[in-house]
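In the order they appear, the protein sequences are chains A and B. In terms of this note's numbering, the first sequence opens at residue -15 and continues consecutively. In terms of this note's numbering, the second sequence opens at residue 848 and continues consecutively. Taking it in order: structure first as C-alpha cells, then the write-up.
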Amino acid sequence: MRSFEYLAPSSLNELLEVMGDRAPNFKLLAGGTDLLVDLKHGPSGPKLVMDLGAVPELKGIEETPLGLRIGAMVTHSQIQQSALIAEHAPAMMAAAATIGAVQTRNMGTIGGNLVTCVPSLDSGPVLVALDAQVTVAGVHGRRVLAITEFFVGPRQTALAPDELLVDILIPTAMLGRATAFRKFGLRKGQALALVNAAASIAVDNDRIVEARIALGAVAPTVIRATDGERVITGRSTDDVGALREAAAVAVTETRPIDDFRASAAYRRELVAVGTYRVLEEALALATRS
Amino acid sequence: MHQVEMMVNGQVRRAEVPAETTLLSVLRETWGLTGSKLGCDVGDCGACTVLVDGLSVNACLLLAVQVDGQEVLTIEGMGGFDYLHPIQAAFERLSSIQCGFCAPGIVISAKALIDKNPHPTEQEIREALAGNLCRCTGYTKIIEGIAEACRAPAITDGISVTESGHV
Ligand SMILES: Cc1cc2nc3c(=O)[nH]c(=O)nc-3n(C[C@H](O)[C@H](O)[C@H](O)COP(=O)(O)OP(=O)(O)OC[C@H]3O[C@@H](n4cnc5c(N)ncnc54)[C@H](O)[C@@H]3O)c2cc1C
Ligand code: FES
Ligand code: FES
C-alpha cells in the first residue's frame, strides 16, 4: 500500500472540521472491506485516511420519535443480532445475512455498503422498500435525503466531497411493514448479487393499499419498479395473478447488463422470479398480521 | 509512524508502524507470528482470519492502527504440540488438513462459531466457513472435524482451554 497519514477523530465535530479543511484529499475508513482493497489495488492513493471507528455519533441502533435510527458505522453482524431490527425491520437482517462471509459482516458497515454504492449492494433494496432516509453531514450542516436520492449512479452517491453519511432512518410509518428480500448469486456463500430484490406491502380490508418493489444489480443503482407497484396497488390479496403481472411489468423497468457473471437475459429472468417471490412473501407476511 | 499496542494471544505486544501496515503484516513480519497466512490479500480466502475482541476478521483488511488497544487471537494462541485445542485434535484425527495453508484461518473461524454456538448444525458450520477457502482437502473432512470437536468434553462442558490458558 502507498503511504498515507492516519487520523482517528473522537467526535463528529472534530471529524467534520478536518474534512472541511482537507477535502477532497482524504478517504474515510469504516470497516475497510472495500477501502482496503482500493488502497492496495486502486489507481491512486489518498494523502489522509480518517478512521470513523472512534466517532460515537455514527454508532448504535435506536428508536427515535421519527423512526428507527441506524448509525452508519453499524456492522452487518450487528444488524443480524439487533433485537430492534428483528422487531421493526427484520428484512434488513435477511439482507445483512447475505453479505460476504462472517468476517466481512463483522467488519463491513451499512454506511460503507451504501457509500460504495455498487449496483449490487445488498443493503440497498430493503432500505428502498422501507422508504428509508439518510442523514448526511458536512461542516456547513446536515441534510436529510431519501435513500433513492442518495444513490446517484455506480459508485456515486449524493455526498459532497466534504460530507459523510451519519445515519439511516426507517420512518415510523414503515416500522413493522411486511417486507421480503431475495438475493440471487452464482453461489450461496460470499457471492455478489446477479439480482437482488425487496418488496414491502401494506394491506387493508383484503386489498393491497401500498406496495414498494426495489431491484438491485439491474440498473446503474437500486431502482424502484413503480409501474410494477401500480399493477398490484388496489388489488385483492387473493389475486395471485396480480403478483405475476406485477413481476412481468417490473422486468420492463430494468436495464440489466451482460457480463462475465450472467447474461442480461438471465438477469431479466431472475428479476421476474425474484420480484414474484418477494411479493408473495411480503403479501403472506402482510395478511398474517 | 504510529505506536500500536495490543494483547496478542494473552501477551502484550508493541510495535512502531507506518499507518499503511496491515494487522496481518505486523503479526507476521514484526512479531514473527506466521501462522496466519497471506492468501488473496483482498478478503476472499480467509487464510488470514484472526479474532479481534472475539470477532473473526480478515487481518489483511485491517490496519494495525485500527486494532490498537484491542485483543487479538491467532492460531499460535490456540494450542501447540503439547496441547491441541479440540478443533485441532479432531482435524488431526480425521485428516482434515492436507497442505494446511487454510487451516489456521479455518480453526479460528470454527472457534468463533463454537464460542457462540457449541452445538452447531452442519448448515451452521458451512455458513461459518463461507469466508474460508480450502483448495486441497475439500470441505467434507473439515466440516466433520468441526462437528467432532463439538462432541469433545472440553467443548460440551463449556470449559475454555489451552495450555496458555487464554482461549
Ligand atoms: C470478500 C468480500 C465479500 C463481499 N461481499 C459483499 C456482498 O455480498 N454484498 C455487498 O453488498 N457487499 C459485499 N462486499 C463489499 C463490502 O464488504 C460492503 O460494501 C461493506 O458494507 C463495506 O463497508 P465497510 O465498512 O467495510 O466500508 P469501507 O471499506 O470502510 O468504506 C467503503 C467506502 O465508503 C466510504 N465510507 C464508509 N463509511 C462512510 C460514511 N459514514 N460516510 C461517508 N463515506 C463513508 C469510504 O470512504 C469508502 O470509500 C464484500 C467485500 C468483500 C471483501
Ligand atoms: S489473505 Fe486475507 S482474506 Fe485472503
Ligand atoms: S488444506 Fe490446503 S488449502 Fe486447505
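Backbone N, C-alpha and C define an ideal beta-carbon position, used for all residues, glycine too. Bear in mind that the values here come from a model prediction, so they are computed numbers and not experimental data.
Mapping the DSSP letters down to three states, classify residue i as helix, strand or coil.
{"i": "residue 915(B)", "result": "coil"}
{"i": "residue 135(A)", "result": "strand"}
{"i": "residue 938(B)", "result": "helix"}
{"i": "residue 926(B)", "result": "coil"}
{"i": "residue 228(A)", "result": "helix"}
{"i": "residue 43(A)", "result": "coil"}
{"i": "residue 258(A)", "result": "helix"}
{"i": "residue 1014(B)", "result": "Low local confidence applies: a pLDDT of 46 at residue 1014(B) is under 50, so the model's placement there is unreliable, with the coordinate-based value given in what follows. Of the three classes helix, strand and coil, the one that applies to residue 1014(B) here is coil, per DSSP."}
{"i": "residue 986(B)", "result": "coil"}
{"i": "residue 1001(B)", "result": "helix"}
{"i": "residue 35(A)", "result": "strand"}
{"i": "residue 215(A)", "result": "helix"}
{"i": "residue 51(A)", "result": "strand"}
{"i": "residue 876(B)", "result": "helix"}
{"i": "residue 278(A)", "result": "No statement about residue 278(A) is possible, as the shown extent of chain A runs from -15 to 273 and does not include it."}
{"i": "residue 893(B)", "result": "coil"}
{"i": "residue 161(A)", "result": "coil"}
{"i": "residue 858(B)", "result": "strand"}
{"i": "residue 905(B)", "result": "strand"}
{"i": "residue 898(B)", "result": "strand"}
{"i": "residue 245(A)", "result": "coil"}
Would you decide whether residue i is buried or exposed? Buried here means 16 or more other CB atoms lie within 10 Å of its CB.
{"i": "residue 869(B)", "result": "buried"}
{"i": "residue 856(B)", "result": "buried"}
{"i": "residue 260(A)", "result": "buried"}
{"i": "residue 109(A)", "result": "buried"}
{"i": "residue 983(B)", "result": "exposed"}
{"i": "residue 60(A)", "result": "buried"}
{"i": "residue 268(A)", "result": "exposed"}
{"i": "residue 879(B)", "result": "exposed"}
{"i": "residue 225(A)", "result": "exposed"}
Measuring only between beta-carbons, confirm whether residue i sits less than 7 Å from chain E.
{"i": "residue 34(A)", "result": "The question asks about chain E, but that chain is absent: this structure's protein chains are A and B."}
Where residue i and residue j are concerned, what is the direct C-alpha to C-alpha distance, given to the nearest angstrom?
{"i": "residue 19(A)", "j": "residue 220(A)", "result": "47 Å"}
{"i": "residue 1026(B)", "j": "residue 949(B)", "result": "Limits of chain B in this structure are 848 at one end and 1014 at the other, which puts residue 1026(B) out of reach."}
{"i": "residue 147(A)", "j": "residue 121(A)", "result": "5 Å"}
{"i": "residue 992(B)", "j": "residue 10(A)", "result": "46 Å"}
{"i": "residue 852(B)", "j": "residue 862(B)", "result": "7 Å"}
{"i": "residue 1015(B)", "j": "residue 266(A)", "result": "Only positions 848 to 1014 of chain B appear in this structure, which leaves residue 1015(B) out of reach."}
{"i": "residue -13(A)", "j": "residue 31(A)", "result": "8 Å"}
{"i": "residue -9(A)", "j": "residue -1(A)", "result": "9 Å"}
{"i": "residue 22(A)", "j": "residue 888(B)", "result": "12 Å"}
{"i": "residue 975(B)", "j": "residue 911(B)", "result": "25 Å"}
{"i": "residue 123(A)", "j": "residue -3(A)", "result": "8 Å"}
{"i": "residue 47(A)", "j": "residue 39(A)", "result": "20 Å"}
{"i": "residue 940(B)", "j": "residue 222(A)", "result": "57 Å"}
{"i": "residue 244(A)", "j": "residue 135(A)", "result": "25 Å"}
{"i": "residue 79(A)", "j": "residue 182(A)", "result": "9 Å"}
{"i": "residue 179(A)", "j": "residue 241(A)", "result": "11 Å"}
{"i": "residue 973(B)", "j": "residue 965(B)", "result": "14 Å"}
So that I know if they touch, is there some Cβ in chain B lying closer than 7 Å to that of residue i?
{"i": "residue 66(A)", "result": "no"}
{"i": "residue 77(A)", "result": "no"}
{"i": "residue 9(A)", "result": "no"}
{"i": "residue -5(A)", "result": "no"}
{"i": "residue -1(A)", "result": "no"}
{"i": "residue 165(A)", "result": "no"}
{"i": "residue 90(A)", "result": "yes"}
{"i": "residue -10(A)", "result": "yes"}
{"i": "residue 247(A)", "result": "no"}
{"i": "residue 232(A)", "result": "no"}
{"i": "residue 86(A)", "result": "yes"}
Kindly give me the distance between the Cβ atoms of residue i and residue j, rounded to whole angstroms, as I take these residues to be in contact under 8 Å.
{"i": "residue 99(A)", "j": "residue 143(A)", "result": "7 Å"}
{"i": "residue 961(B)", "j": "residue 903(B)", "result": "No, residue 961(B) and residue 903(B) are not in contact; Cβ-Cβ is about 12 Å, not under 8 Å."}
{"i": "residue 191(A)", "j": "residue 218(A)", "result": "6 Å"}
{"i": "residue 149(A)", "j": "residue 95(A)", "result": "5 Å"}
{"i": "residue 926(B)", "j": "residue 87(A)", "result": "Contact doesn't hold; Cβ gap of about 21 Å is too wide."}
{"i": "residue 274(A)", "j": "residue 209(A)", "result": "Within the shown structure, residues of chain A are numbered from -15 to 273, placing residue 274(A) beyond reach of any answer."}
{"i": "residue 114(A)", "j": "residue 184(A)", "result": "6 Å"}
Give a yes or no on whether 7 Å exceeds the smallest Cβ distance from residue i to chain A.
{"i": "residue 991(B)", "result": "no"}
{"i": "residue 908(B)", "result": "yes"}
{"i": "residue 903(B)", "result": "yes"}
{"i": "residue 866(B)", "result": "yes"}
{"i": "residue 1009(B)", "result": "Because the pLDDT at residue 1009(B) is just 46, under 50, the model does not fix this residue reliably, and the point stays unresolved."}
{"i": "residue 912(B)", "result": "yes"}
{"i": "residue 975(B)", "result": "yes"}
{"i": "residue 896(B)", "result": "yes"}
{"i": "residue 889(B)", "result": "yes"}
{"i": "residue 978(B)", "result": "yes"}
{"i": "residue 855(B)", "result": "no"}
For residue i, is the beta carbon positioned less than 6 Å from some heavy atom of ligand 5?
{"i": "residue 83(A)", "result": "This structure lacks ligand 5; its bound ligands are ligand 1, ligand 2 and ligand 3."}
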